[in-house]
Each structure stands twice: as structure tokens, then as C-alpha cells.
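Just below is one structure, and these are the notes that go with it.
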Amino acid sequence: MILRKTMNSRWLSNSWLVADRPGGKAVLIDAGGPMAPILQWLQEERLELTHVLCTHHHVDHVLYAKNYRQRFQCPICGHHAERELFGDLQLSLQDGEEIRSGDLHLRAMHIPGHTLGQLAFLLNGNKVFTGDTLFRGSVGGTRGPGHTHFQDLQHSIMEVLMRLAPETEVYPGHMEATTIAREWQENPFIRMWRGLDSPAASPCTAAGKEAELLLKARDYDGGYKCWVRFADGSTDLIGGSQLQEP
406 MILRKTMNSR WLSNSWLVAD RPGGKAVLID AGGPMAPILQ WLQEERLELT
456 HVLCTHHHVD HVLYAKNYRQ RFQCPICGHH AERELFGDLQ LSLQDGEEIR
506 SGDLHLRAMH IPGHTLGQLA FLLNGNKVFT GDTLFRGSVG GTRGPGHTHF
556 QDLQHSIMEV LMRLAPETEV YPGHMEATTI AREWQENPFI RMWRGLDSPA
606 ASPCTAAGKE AELLLKARDY DGGYKCWVRF ADGSTDLIGG SQLQEP
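Positions 406 to 651 (our numbering) are the ones given, in order, by the sequence shown.
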């Protein structure tokens with residue numbers, strides 16, 4: 406198997422090129438990373454690009470999707486709930502649908518929260534591409550365009566992704582790869598949701614509202630991701646730039 410990555414330097418978003426073998430079939434998972442290295446690898450390895458698989462509709466993950474479609478006549482694939490947001494979606498996917506490309510076997514997993522139609526792609530049963538839901542040491546937010554709510558994202562992580570085998574390799578939409586086992590043991594959000602660590606529950610202002618800060622942890626971009634609880638009892642995940650502490 407061939408597995409390579411490009412990263413957009415502005416957004417730190419990944420594009421993952423996966424192929425079954427040199428001279429074989431390939432898919433691209435998310436299309437926000439620089440195209441030039443992808444095109445070079447496709448040529449050098451004599452690969453046929455069969456699908457562009459998009460975890461969600463945000464621009465940092467779909468920026469070059471139409472370019473690949475025009476160049477290789479391959480379908481852009483995403484969740485049906487975001488069909489209108491993509492604007493150019495040839496294959497609408499539902500939870501559990503399978504895609505084959507040569508010896509690559511991918512299963513779409515619906516993991517809403519960051520967006521309504523957020524997808525993960527489970528590859529050959531032992532690798533999962535998690536988009537903006539699960540990162541190495543962090544989790545996605547629920548404040549971006551098309552988001553749902555915190556409970557969705559928490560369920561997607563704890564009841565969907567964390568149910569995968571511990572040895573499953575995780576390839577996120579931003580920054581470095583990890584494993585399910587590592588995140589289960591070390592991710593501060595998952596540890597807290599498992600009840601292993603206690604919330605801080607200190608006063609703060611979050612997105613302009615009075616709140617309690619439950620957890621503040623490093624995010625993929627070097628900033629912070631914060632889990633907060635508002636006066637009405639609702640909880641949310643926000644970026645550190647939206648947080649004010651006394």
C-alpha cells in the first residue's frame with residue numbers, strides 16, 4: 406500500500422493519497438493540501454485516481470476537489486446531507502456505504518458534530534481517516550459553518566471512533582497521525598469523558614457568555630481547544646481565542 410500526505414500551510418489541513426500498489430488504483434481523502442506533490446506521486450507511481458473522498462464541505466478540505474475531477478474525471482464523494490454545500494458532488498454517501506478502488510476497501514462512517522455531514526473513512530479495516538472530528542491529542546470544534554452540537558461530536562468520538570480496534574491507525578484532517586489506543590489513553594478530552602480526569606470548573610467568559618471552563622488543552626495548531634459549560638447547562642467546544650479567563 407502507498408500512503409502519502411500533503412498539508413496546506415495556511416490551514417494545516419491534510420490531503421491523504423492512498424493507493425493499493427504501484428501501477429494500481431488510488432483515492433484522495435480530502436483535497437485541501439497542495440496539488441503538485443499529489444500529481445507528482447500519481448505520475449511516478451503510475452496510479453489511477455478513482456475517487457476524491459471528502460470528509461466534509463469546509464474549504465480547507467475541498468479547495469482543489471474540482472481540479473482533480475476535471476483532470477482525472479473521478480467523482481467527488483461526500484455525505485448526502487452536504488450535497489448542496491459541496492455544489493459539485495457526484496457520489497452522495499450514507500453511513501455504512503462502501504467504496505472499492507482496486508484492493509482498497511473503504512467504508513463511510515457518519516460522525517456528525519463538526520458538521521452535519523462529517524464522514525470518517527475506514528480503510529481495509531485498520532486505518533481510519535477522521536476529518537475534523539478527532540486529532541492527535543485534541544478533538545474538533547462545534548462552532549464552524551454547518552456544525553451541529555457538542556453531544557453529536559462527543560457521541561461520534563466515544564461511540565463510533567473509539568469502538569474501533571485499539572490498533573487502528575488514525576489519519577486526521579489536520580497534523581499528524583495517531584492510533585485509537587493512543588487517543589483512548591492520552592487524549593485529554595477522551596480521558597475526561599471517560600471519567601478518568603476531573604473537570605476544572607473555573608469561571609470564564611466563552612464566546613461572550615459567562616461560563617465554566619471544564620478543560621483547556623492544546624489544539625493541533627498550537628493554540629487551545631476548550632470545553633465549556635454555560636449557565637443553562639449546555640456545553641460546547643470552542644477555540645482558545647474565544648475564551649477569557651479572570
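By construction, the Cβ of each residue, glycine as well, lies at the ideal position given by its N, Cα and C atoms.
On a predicted model such as this, the values are computed, not experimentally measured, just so you know.
Just verifying my parser: in three-state terms, what is the DSSP assignment at residue i?
| i | result |
| --- | --- |
| P593 | helix |
| A570 | coil |
| Y576 | strand |
| R409 | strand |
| Q649 | strand |
| H466 | helix |
| H485 | helix |
| L452 | coil |
| L417 | coil |
Grab me the residues of residue i's own chain with a C-beta within less than 6 Å of its C-beta, minus the 5 sequence neighbours each way, in chain order.
| i | result |
| --- | --- |
| P571 | I585, A586 |
| F491 | H462, G483 |
| A424 | I407, A431, L452 |
Determine whether the beta carbon atoms of residue i and residue j lie at a separation below 8 Å.
| i | j | result |
| --- | --- | --- |
| K430 | G507 | yes |
| G542 | H519 | no |
| L642 | L566 | no |
| V575 | T535 | yes |
| L511 | L539 | no |
Can you list, in chain order, the residues of its chain with a C-beta nearer than 7 Å to that of residue i? Leave out the 5 residues immediately preceding and following it.
| i | result |
| --- | --- |
| A470 | A436, V457, C459, I481 |
| Q649 | C609, T610 |
| E615 | A636 |
| W598 | Q559, M563 |
Which residue wins for smallest C-alpha separation from residue i, given the options the options?
| i | options | result |
| --- | --- | --- |
| R488 | V467, G501, I504, R505 | V467 |
| F477 | E503, K532, L447 | L447 |
| N592 | D624, H485, L498, R451 | D624 |
| G522 | L444, L498, D465, L452 | L498 |
| H579 | I407, N413, L408, L618 | N413 |
| N472 | A582, R426, L444, E450 | L444 |
| G428 | G613, L452, P442, A582 | L452 |
| E502 | A606, L494, A525 | A525 |
With a cut-off of 8 Å, does the C-beta of residue i fall near any C-beta of chain C?
| i | result |
| --- | --- |
| T535 | Checking the listed chains, one finds no chain C in this structure; it contains a single protein chain. |
Sorted by chain position, which residues of the same chain lie with C-beta nearer than 8 Å to residue i's C-beta, five sequence neighbours on each side aside?
| i | result |
| --- | --- |
| H703 | Missing from the structure shown is residue 703; the chain here goes from 406 to 651 and no further. |
Contained alpha helix (DSSP H) runs [length at least 4] in the segment 505-577, N- to C-terminal order: Fully enclosed alpha helix (DSSP H) runs of 4 or longer: 555-560.
Which whole runs of the beta strand (DSSP E) in the segment 584-634 are 3 residues long or more, in chain order? DSSP runs (the beta strand (DSSP E)) wholly in the segment 584-634: 607-611, 614-623.
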